[in-house]
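Visitor: One structure is given below, represented as structure tokens, and several questions about it will come after.
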Amino acid sequence: MHWLYLFLAVIAETLGTTFLKMSNGFTQLFPSILAIALFCLALFLSAITLKYLAVGIVYAIWSGVGIVLVTLVGYFYFKQNLDMAALIGIGLITLGVLIIFTMSRTQSG
Numbered sequence: 197m198h199w200l201y202l203f204l205a206v207i208a209e210t211l212g213t214t215f216l217k218m219s220n221g222f223t224q225l226f227p228s229i230l231a232i233a234l235f236c237l238a239l240f241l242s243a244i245t246l247k248y249l250a251v252g253i254v255y256a257i258w259s260g261v262g263i264v265l266v267t268l269v270g271y272f273y274f275k276q277n278l279d280m281a282a283l284i285g286i287g288l289i290t291l292g293v294l295i296i297f298t299m300s301r302t303q304s305g
């Protein structure tokens, strides 16, 4: 169940970041409120996850998957371009998360 909480935390953080962009520096009320609420939800779910998994593992997966998801949102929704260096970097981050998730034995908190 803790992996589900981590997955939901990453989704909430990704949506929060998306609404943060849409808030235009907190000048748009509705996206600002959604961003804050989603970040709070992400932190709550992350706190639950940290009861079961090591903080380094949680943060590495949260950060890595979050970077990839936010980049995809930026590319598809906000029409932000990615150069080759960005694609290579994101690929390496993804590889790192996969290595941690599949090979690390440092998963318990």
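Take any residue in the sequence shown, note its place counting from 1, add 196, and you have its number in the numbering used here.
Built from N, CA and C at the ideal position, the CB exists for glycine as well.
Since the structure is predicted, the reported quantities are computational estimates derived from the model, not experimental observations.
Taking the C-alpha atoms as reference points, what is the distance between L237 and A208?
Guide: Using only the alpha carbons, I get a separation of about 7 Å.
Visitor: Looking only at its chain, what residues have a beta carbon closer than 7 Å to the beta carbon of M218, apart from the 5 residues adjacent to it on each side?
Guide: These residues qualify, in order along the chain: Q224, P227.
Visitor: Whose C-beta lies closer than 8 Å to the C-beta of L278 among residues of the same chain, with five residues either side of it excluded?
Guide: For L278, where only same-chain residues beyond five positions count, the Cβ hits under 8 Å are T267, Y271, I286.
Visitor: Whole angstroms is fine: what's the gap from A282's alpha carbon to I263's?
Guide: Their backbone Cα atoms lie some 11 Å apart in a straight line.
Visitor: Please report the distance separating the alpha-carbon of V251 from that of A243.
Guide: The alpha-carbon atoms of V251 and A243 are separated by roughly 10 Å.
Visitor: Considering Cα atoms alone, identify which of G212, G221, T298, L239 is closest to L306.
Guide: There is no way to answer for residue 306, as the model of the chain reaches only from 197 to 305.
Visitor: Buried or exposed: F215, going by 16 or more other Cβ atoms within 10 Å of its Cβ?
Guide: Buried, because 16 or more other Cβ atoms sit within 10 Å of the Cβ of F215.
Visitor: Thinking C-beta only, is I257 closer than 8 Å to L202?
Guide: It is a contact, given that the beta carbons lie within the stated cut-off.
Visitor: What separation, rounded to the nearest whole angstrom, lies between the Cα atoms of V261 and L246?
Guide: Their Cα atoms are separated by approximately 17 Å.
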